[in-house]
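All the letters of the sequence shown, read from the start, carry residue numbers 283 to 537 under this note's numbering. Note that the Cβ used here is the ideal one computed from N, Cα and C, for glycine as well.
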Amino acid sequence: MRLEQLAAAAANFAAESPLNRVPSLGGLQIFDPPLMGVAAPDDPLFARLKEPAAIGPHHLSPHEWLPAAGAVVSYFLPFTAAVRHANRQPGLPAAEWLYGRFEGEMFNDALRRHLADLLAQAGHQALVPVLEPRFAVVERRSNWSERHVAHIAGLGTFSLNCSLITTRGAAGRLGSLVTSLALEPTPRPYTGTHEYCTNCGACIGRCPPAAIDGNGKRHQPCSDYLDAVKIRFQPRYGCGKCQTAVPCEDRIPGR
């Protein structure tokens, strides 16, 4: 099985799965077809994630998740224009975004399992770290960071608001799995961690709890605001204001 086959399977799943649509919002499609990349399990950047300045020693490497790891497959699910545009208005998050964040993550989990099942059917081991019992979040830092994994897999670089900017922008969701199948790593078309961000500051004024400034994002105010949104709209939650109506919403800024 090749990366192109996995990418095609993911695109077909996004097109056909009823989980990628919201009947109560007129059949709204949540995600466009995903971008997909591959990281080598022994890429030196995985070891750097264990440094306190990155995530910390609790972050598990691909081989710690799956000793037979041959590749790490990462993907980015871009929100559709309908979801993104609805959330451009100021104030509370749009209903389309709340459904995209909540029901969209249900679809994302289904896609993770679907890809893992395809690999297993082809005779390869496959494991989804965020769905494993060992997955944990320590002081708001998980032991498997989808954003950092995507960066290592060549999908994008970080922004001022700590999102990942891909060729399809920052407004979307990420997923990944570790497999014993050996796949060629995707070249990283960047050398820095924030290369795609222009530091334009547009996300600063978009943040309802004022959690972003010229130095980056403070996670506690962001988290507190999301908790308040969840109380109001439970079980749904989300915000995404810093990912919409900004130059990196659906592209690399300036490109």
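Around the beta carbon of Ile513, fewer than 16 other beta carbons sit within 10 angstroms, so the residue counts as exposed. DSSP, read as helix, strand or coil, puts Asp495 in strand.
Residue range Ala353 to Pro360 is occupied by the beta strand (DSSP E) that includes Phe358. Going by C-alpha positions, Gln287 is about 16 angstroms away from Ala408. Annotated as proximal: Cys530 and Gly451, with beta-carbon spacing under 8 angstroms. At the C-beta level, Ala353 and Ala392 stay beyond 8 angstroms of one another.
Going by DSSP, Leu456 is part of the beta strand (DSSP E) stretching over Gly454 to Thr461. Looking at the DSSP output, Val420 sits in a beta bridge with Arg423. A Cβ-Cβ separation of about 13 angstroms leaves Thr448 out of contact with Gly457 under the 8 angstroms criterion.
Per DSSP, the continuous alpha helix (DSSP H) segment holding Val431 begins and ends at Glu428 to Ile434. Listed as beta-bridge partners of Thr439 by DSSP are Ile447.
Measuring C-alpha to C-alpha distances from Met318 to each of His340, Cys504 and Ala290 identifies Ala290 as the nearest. In the DSSP assignment, Val320 falls within the beta strand (DSSP E) that extends over Leu317 to Ala321. Out of Arg395, Val365, Ala364 and Ser299, the CA that lies nearest to the CA of Val410 is found in Arg395. By the C-beta density criterion, Pro469 is exposed, having fewer than 16 other C-beta atoms within 10 angstroms. Between Phe389 and Asn302, the C-beta spacing is below 8 angstroms.
With contacts defined by Cβ atoms closer than 8 angstroms, Leu342 and Trp426 form a contacting pair.
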